[in-house]
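Following: one structure in C-alpha cells, then a few remarks.
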Amino acid sequence: MKGIVIYYSASGNTMKIAKAIHKGMRKVIEADIASIKRITPEEVAKYDLIGVGSPVWFFREPANVKFFLYRLPKMEGKHCFLFCTHGTAPYWIFASMASTLQRKGLKIIGWADWYGAVEINLHMPKPYFTDGHPDEVDLKEAEEFGRRMAERFLNIISGRMDLIPEVPRGKDAPITFRPFPETPREPFPGARPTRIIDREKCRYPKCRVCIEVCPVGAWDFTKDPPLWRKEVCWNCLLCERVCPTGAIKLEPKEVEAIMRTQKKINLDKCTFPECMLCVENCPMNAIDFTTAPPSFKYNCEGCDLCWCICPKGAIELVNVEKTHAKLYERLLKDKMEGKLTESIVFRTLQETMAKGLFRPLV
91 MKGIVIYYSA SGNTMKIAKA IHKGMRKVIE ADIASIKRIT PEEVAKYDLI GVGSPVWFFR
151 EPANVKFFLY RLPKMEGKHC FLFCTHGTAP YWIFASMAST LQRKGLKIIG WADWYGAVEI
211 NLHMPKPYFT DGHPDEVDLK EAEEFGRRMA ERFLNIISGR MDLIPEVPRG KDAPITFRPF
271 PETPREPFPG ARPTRIIDRE KCRYPKCRVC IEVCPVGAWD FTKDPPLWRK EVCWNCLLCE
331 RVCPTGAIKL EPKEVEAIMR TQKKINLDKC TFPECMLCVE NCPMNAIDFT TAPPSFKYNC
391 EGCDLCWCIC PKGAIELVNV EKTHAKLYER LLKDKMEGKL TESIVFRTLQ ETMAKGLFRP
451 LV
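Be aware that the sequence shown starts at 91, since it is given in this note's numbering, and climbs by one per residue.
Take a look at the structure:
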C-alpha cells in the first residue's frame, strides 16, 4: 500500500502543510509528495491513498486544481482525503473538491483545514487577520493528521468500513462544506458578466468540462445556442478558465466589473528567457511569450502571483484602480466607520475564535 500527497501552493502555505502531512503519513505507510505542476493525473492513479491539498480562492479551489481533479482517471475503490489553507472564510472548498473526487470513484476518508497568511491578495489591508499561520502548532497538527489518515486507511482496507465518514451536507455542515451565505457587495465579485459560447471552438458534446465543473448547473446545452443562466451563476469563473479551447467568452463591456487585474509585461525590464519565474509558477500556464508582445491568456486566474514574484518588476497591473484599489478603499472606509466587523468574513472569524478554533498571531 502506497500513498501520496498532491497539492498546489501559490504563497507556500499549502506546501508547508502538505510536507507536514506527508511526514506524518510516512510514519505509517510508504508515501510520496508532489505539486500538481510536477505530476500527471495518470501518475496519481497508481497510488492507494491520495491526499489532495489546495488554497482557497474565491470560495473554491483554484482553477488549475479543479481541472487537475477533473482529468483524474476513474479510481473506483481507492481512498483520498482533503486539506486546504485559507484566510478568514473557507466556504465551500471541500464540497467543491469532494464532488469531483467522488465522481472519480474515490472514497473520502477525512478532511482538515488550516489558516494561512494572505500574501498575494492585493485588496487586503496588512497585517491581515490570519498572518503568522501556519505556525509550528499548525504544522504539528498537520503531521498528526497525516499519520491519522494513514492509520484510518489501513483500518478501512482491513474491513473497518464504519471509519469512512459521511461527507457533510446542508446548512449545519462545517463551513468548508457550505456555500458563501450572502451575495458579496460590489466590486467583489458581484458582477456576473454574460457568458457567450463560441460554437466554432466549443467541442460539446465530446467535451463537457464547463458543465461538470459548474457548482450550480448554470449551463444548459439542451438549448441552441447553449443557455447560460445568470440568475443562478456564482461567478466563480471556473468554466471559462478550465475550457480547453477558450470557447467561453465574456461580454466585453461587462468584463471590467470582474475583480481580475489586467497585466502587461514591460520588455525594458523583463529578462526572459534567462528568467522564467513567472512562466514556471503560473498555475494556469497563462503567460505566453510566443506572442509579440507577450500576453496573458483567457484562462488567467487573476491571482497576481506573477506580479508578486517578478524580481525585476516587469509585470505591471494596468487596471488595479478599477479592481483591487476600489475594494481596498471600501475596506478602509468600513474600518474607519466601524463597519468592518459587520462583514460576513469577519463575523465568520469571530465565531471560529469563540469556538477556540482560531489562534490570532498578529
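Where a beta carbon is used, it is the ideal one built from N, C-alpha and C, also for glycine.
A distance below 7 angstroms between beta-carbons, with the five flanking residues on each side excluded, links lysine 109 to the following residues of its chain, in chain order: Ile123. In the structure shown, threonine 284 falls within a coil segment according to DSSP collapsed to helix, strand and coil. For isoleucine 198, the closest of Phe219, Asp252, Ser125 by C-alpha to C-alpha distance is Asp252. Between tyrosine 181 and threonine 442, the alpha-carbon positions lie close to 13 angstroms from each other.
The alpha helix (DSSP H) runs lying completely inside the stretch 110–195 and spanning 4 residues or more are 131–134, 153–160, 183–193, given in chain order. Each of Ala188, Gly249, Arg150, His112 was checked against the Cα of alanine 179, and the nearest Cα belongs to Arg150. Comparing alpha-carbon positions, the option among Val299, Glu370, Glu241, Val303 lying closest to tryptophan 324 turns out to be Val303. Within the same chain, no residue comes within 6 angstroms of leucine 327 by CB-CB distance, once the 5 residues on both sides are set aside. 8 angstroms or more divides the Cβ of phenylalanine 267 from the Cβ of proline 255. Our two residues, lysine 402 and arginine 331, have alpha carbons roughly 28 angstroms apart in a direct line. Proline 334 and tyrosine 98 do not touch by the CB rule: their CB atoms are close to 19 angstroms apart, not below 8 angstroms. Here phenylalanine 235 carries a helix assignment [DSSP, helix/strand/coil]. The continuous alpha helix (DSSP H) containing tryptophan 397 extends over residues 395–399. Per DSSP, leucine 407 is one residue of the beta strand (DSSP E) stretching across 405–407. The Cβ-Cβ distance between isoleucine 107 and phenylalanine 171 does not fall below 8 angstroms.
Proline 384 counts as buried, since at least 16 other C-beta atoms from the protein chains shown sit within 10 angstroms of its C-beta. The beta carbons of isoleucine 94 and alanine 121 sit closer together than 8 angstroms. DSSP, read as helix, strand or coil, puts leucine 328 in helix. In terms of CA proximity to alanine 382, Lys354 leads the group Lys354, Leu407, Val299, Pro224. No Cβ-Cβ contact shorter than 8 angstroms links methionine 165 with isoleucine 119. Selection Asp203, Lys156, Gly206 evaluated against lysine 194 yields Lys156 as nearest (Cα-Cα). Taking each of Phe148, Arg128, Leu139, Trp147 in turn and checking the Cα distance to phenylalanine 158, the smallest one comes out for Arg128.
By the neighbour-count criterion, in which 16 or more other beta carbons inside 10 Å mark a residue as buried, proline 363 falls on the exposed side. Under the three-state reduction of DSSP, aspartate 424 is assigned to helix. Aspartate 228 and arginine 437 have their C-alpha atoms roughly 22 angstroms apart.
Its chain contains Gly336 as the residues whose beta carbon lies nearer than 6 angstroms to that of tyrosine 388, once the 5 sequence neighbours on both sides are disregarded; these appear in chain order.
With 16 or more neighbouring CB atoms inside 10 Å of its own CB, serine 186 falls in the buried class. Cβ-Cβ distances below 6 angstroms link alanine 188 to Ile198, Val257 in the same chain, with the five nearest sequence neighbours on each side left out; the list follows chain order. In this structure, phenylalanine 243 lies near leucine 139, with their beta-carbon atoms less than 8 angstroms apart. Contact between valine 452 and proline 217 holds: their C-beta atoms lie close to 4 angstroms from each other, under 8 angstroms.
Between threonine 175 and proline 224, the C-beta spacing is below 8 angstroms.
Residue state for leucine 317 is assigned as strand, using DSSP reduced to three classes.
In this chain, the alpha helix (DSSP H) harbouring valine 303 covers 299–303. Shown here, phenylalanine 386 sits in a strand according to DSSP, grouped into three states.
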